[in-house]
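Note sheet for the following structure.
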Amino acid sequence: VVKLANVATHASQNPRIVRFAKMMITDHTKGIEDLKVLRKKELINPHDGVSPEHRELIDSLSKLSGTDFDKAYMQVMVADHEKTVDLVKEETNEREPSVQTIARNMLPTIEMHLDSAKAIAATLR
60 VVKLANVATH
70 ASQNPRIVRF
80 AKMMITDHTK
90 GIEDLKVLRK
100 KELINPHDGV
110 SPEHRELIDS
120 LSKLSGTDFD
130 KAYMQVMVAD
140 HEKTVDLVKE
150 ETNEREPSVQ
160 TIARNMLPTI
170 EMHLDSAKAI
180 AATLR
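Right under this line is the structure:
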């Protein structure tokens, strides 16, 4: 999400999308820092690499510009945050207490990201 948000800050001319992308960078960077605590306990995968699918998505969106980029980026942000909300909700009930705590703390921010992404996407139709 952070790498794609960096692309959005340069590719989009829409101030709302640029602000949203900057929020993604700030909030997701903080979330990554919070998860580093779990890494030390070997509760999550320590590899930070971008998946091949995500790399392909970044590459394909990087080729777009203007409103084509804006629409595609916001569609991805809505879909990714919908999946993430579902995953984090599962983690609040099914994992170690330390994972539950982080998931509960992260959920409101992720839900706010989803609401923002949906609102912006609705203006781009």
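First residue of the sequence shown: 60, per my numbering; consecutive thereafter. Beta carbons: idealized from backbone N, C-alpha and C, even for Gly. Values in this document were obtained by computation on a predicted structure and should not be read as measured data.
Item, Value
"Nearest to A181 by alpha carbon, out of V144, A131, T168, T151?", "A131"
"Please report how far the alpha carbon of S175 lies from the alpha carbon of F79, in whole angstroms.", "8 Å"
"Would you mind sorting H69 into buried or exposed? The rule is 16 or more other CB atoms within 10 Å of its CB.", "exposed"
"Taking E115 as part of the alpha helix (DSSP H), name the residues at either end of that continuous run.", "111-121"
"Which stretch, first to last residue, makes up the alpha helix (DSSP H) that contains S124?", "Careful: S124 lies outside any alpha helix (DSSP H) and carries neither H nor E."
"Report yes if the CB atom of K62 is closer than 8 Å to the CB atom of V135, and no otherwise.", "no"
"For I91, count the other beta carbons within 10 Å of its own beta carbon; 16 or more makes it buried, fewer makes it exposed. Which is it?", "exposed"
"Is S71 buried or exposed, if buried means 16 or more other CB atoms sit within 10 Å of its CB?", "buried"
"Does E92 come out as helix, strand or coil in the three-state DSSP assignment?", "helix"
"Flag this pair as yes or no: are the beta carbons of V66 and L120 separated by less than 8 Å?", "yes"
"Taking 8 Å as the threshold (C-beta atoms), are I169 and V144 in contact?", "yes"
"Do you know how far the Cα of P156 is from the Cα of K177?", "31 Å"
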